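Novice: For reference, the structure I am asking about is given below.
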Amino acid sequence: MDAAESIRLARLERQVAFLYRHFGLDPALADVFGAVDGLPPEFVAALRRQDLITAIKLYRQATGAGLADAKETVERIARGI
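Structure (structure tokens):
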């Protein structure tokens with residue numbers, strides 16, 4: 453990576469950080485959103501409230517996963533938040 457690319461990357465990182473702050477988003481959620489694609493917004497809201505029981509229920513409804521698999525997956529996603 454040359455100097456111009458490094459400067460451009462740093463500028464883009466600052467812009468993204470500004471947008472996160474402006475919209476009140478938690479940057480830690482960026483990695484989690486890939487794991488929750490296709491899940492209802494209520495699922496993410498339940499995770500933010502630390503309401504794992506509701507999150508597991510919503511995950512199971514959306515994916516058809518069994519209880520044990522849903523519990524494991526939701527707990528893993530919650531640790532990422």
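Residue numbers (the working numbering): 453 to 533. Cβ coordinates follow ideal geometry from the N, Cα and C atoms, glycine included. Every value quoted in this text rests on a predicted model; they were computed, and no experiment measured them.
What are the start and end residues of each continuous alpha helix (DSSP H) run of 4 or more residues lying completely inside the region 468-530, in chain order?
Specialist: Correct list: 482-485, 493-500 and 504-515.
Novice: On a Cα-Cα basis, can you pick out the residue from Gly518, Ile529 and Ala455 that is closest to aspartate 503?
Specialist: Taking the first residue of the sequence shown as 1, we reach residue 503 at position 51. Cα-wise, what sits closest to aspartate 503 is Ile529.
Novice: Quick check on isoleucine 459: buried or exposed, where buried means 16 or more other Cβ atoms within 10 Å of its Cβ?
Specialist: Position 7 of the sequence shown, counted from the first residue, corresponds to residue 459. Per the 10 Å Cβ criterion, exposed.
Novice: Do alanine 514 and leucine 499 have their beta-carbon atoms positioned less than 8 Å apart in this structure?
Specialist: By one-based count along the sequence shown, residue 499 stands at place 47. By one-based count along the sequence shown, residue 514 stands at place 62. Taking 8 Å as the Cβ cut-off, leucine 499 and alanine 514 do not qualify as a contacting pair.
Novice: Where aspartate 521 and glutamate 457 are concerned, what is the direct C-alpha to C-alpha distance, given to the nearest angstrom?
Specialist: The sequence position of residue 521 within the sequence shown is 69, counting from 1. The sequence position of residue 457 within the sequence shown is 5, counting from 1. Aspartate 521 and glutamate 457: Cα-Cα distance of roughly 43 Å.
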